[in-house]
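Residue numbers (my numbering), protein chains in the order written: chain A, 35 to 148; chain B, 1378 to 1490.
Have a look at the structure below, then the notes.
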């Protein structure tokens, strides 16, 4: 158990809908990352937050948004869902989000868009 | 633009032998490198890391080698065990624009009996 909690574990929704994925980081970790893993693909970095503020942005679509709340949990909002958004979405956390620190991953949310 | 590359999508090794997983990177701003292991339906698990000031880091059966001039790192697993069968991701981070943890596409290792 990495200490990072993601909910829900599975989500099935229709095209055009909006969903929210939730992540609770490890106790004491200030930084949260979101990654997307499509079928047989690597982990694509979406976005990173540190202590409530956006720190880095990757290949995140405009239909997607995220935020980190004062209690440090984070939410990833996916809207106008398309079939191609079906993927595993991972959240990770690290102590300070800086270099030379490893990130710890949650078990992921499997999103299926039908 | 794939800044961290794992060119071998899969690798099969016999139990007891050495497994060597390779990773190349292009961004010279990367100075910290990590290996993660992933089982199906689970999140990646941190395995071992190396800072750019070193060329080798060892932890039990796992050793990571870094060749900065070639922008290449490798993970050696000796001896390989069936429980090592998983997908292995190489990752890198650094300063500035390289500060996010960037992953390779993974190598699926199968250790056979």
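No residue lacks a Cβ here, since even glycine has one placed at the ideal position from N, Cα and C.
Taking the alpha-carbon positions, what's the residue i to residue j distance?
i: residue 1416 (chain B); j: residue 1435 (chain B); result: 22 Å
i: residue 83 (chain A); j: residue 1404 (chain B); result: 22 Å
i: residue 1429 (chain B); j: residue 1382 (chain B); result: 17 Å
i: residue 1465 (chain B); j: residue 1486 (chain B); result: 7 Å
i: residue 1451 (chain B); j: residue 54 (chain A); result: 37 Å
i: residue 113 (chain A); j: residue 73 (chain A); result: 20 Å
i: residue 1478 (chain B); j: residue 1397 (chain B); result: 22 Å
i: residue 1431 (chain B); j: residue 1442 (chain B); result: 9 Å
i: residue 63 (chain A); j: residue 130 (chain A); result: 7 Å
i: residue 148 (chain A); j: residue 78 (chain A); result: 22 Å
i: residue 1425 (chain B); j: residue 1407 (chain B); result: 16 Å
i: residue 144 (chain A); j: residue 1385 (chain B); result: 26 Å
i: residue 1427 (chain B); j: residue 51 (chain A); result: 42 Å
i: residue 1445 (chain B); j: residue 136 (chain A); result: 20 Å
By Cβ distance below 7 Å, which residues in the same chain neighbour residue i in space, the five residues on each side in sequence not counted?
i: residue 1455 (chain B); result: 1395, 1438
i: residue 94 (chain A); result: 80, 81
Between residue i and the rest of its own chain, which residues show a CB-CB distance below 8 Å, the 5 nearest in sequence each way excluded?
i: residue 1392 (chain B); result: 1456, 1457, 1458, 1459, 1488, 1489, 1490
What distance in whole Å lies between the Cβ atoms of residue j and residue i, which are believed to be in contact at a cut-off of 8 Å?
i: residue 108 (chain A); j: residue 57 (chain A); result: 5 Å
i: residue 115 (chain A); j: residue 49 (chain A); result: 6 Å
i: residue 1410 (chain B); j: residue 1469 (chain B); result: 5 Å
i: residue 120 (chain A); j: residue 111 (chain A); result: With a Cβ gap of about 16 Å, residue 120 (chain A) and residue 111 (chain A) do not count as contacting.
i: residue 1420 (chain B); j: residue 141 (chain A); result: 5 Å
i: residue 1440 (chain B); j: residue 1449 (chain B); result: About 15 Å; that fails the 8 Å criterion.
i: residue 69 (chain A); j: residue 138 (chain A); result: Between residue 138 (chain A) and residue 69 (chain A) the Cβ distance is about 12 Å, and since that is not below 8 Å, they are no contact.
i: residue 92 (chain A); j: residue 1483 (chain B); result: The Cβ separation is near 17 Å, so there is no contact.
i: residue 61 (chain A); j: residue 37 (chain A); result: 7 Å
Please state whether DSSP places residue i in a helix, a strand or coil.
i: residue 1432 (chain B); result: coil
i: residue 1471 (chain B); result: strand
i: residue 119 (chain A); result: helix
i: residue 1461 (chain B); result: helix
i: residue 147 (chain A); result: strand
i: residue 103 (chain A); result: coil
i: residue 1570 (chain B); result: Examination of residue 1570 (chain B) is not possible in this model, given that chain B is present from 1378 through 1490 alone.
i: residue 1448 (chain B); result: coil
i: residue 1382 (chain B); result: strand
i: residue 72 (chain A); result: coil
i: residue 129 (chain A); result: coil
i: residue 77 (chain A); result: coil
i: residue 1454 (chain B); result: strand
So which residues on chain E does residue i lean against when the C-beta distance must stay under 8 Å?
i: residue 98 (chain A); result: The structure shown contains no chain E; the protein chains it does contain are A and B.
Within the same chain, show all residues whose beta-carbon is closer than 6 Å to that of residue i, passing over the 5 residues directly before and after it, in chain order.
i: residue 1471 (chain B); result: 1406, 1407, 1408
task = Could you please tell me which residues of the segment 101-132 of chain A, in chain order, have their CB closer than 7 Å to any CB of chain B?
result = Result list: 124.
request  = Return the residues of the segment 1416-1439 of chain B that lie within a Cβ-Cβ distance of less than 8 Å from chain A, sorted by chain order.
outcome  = Shown in chain order are the members of the segment 1416-1439 of chain B whose Cβ falls below 8 Å from a Cβ of chain A: 1418, 1419, 1420, 1421, 1422, 1423, 1426, 1428.
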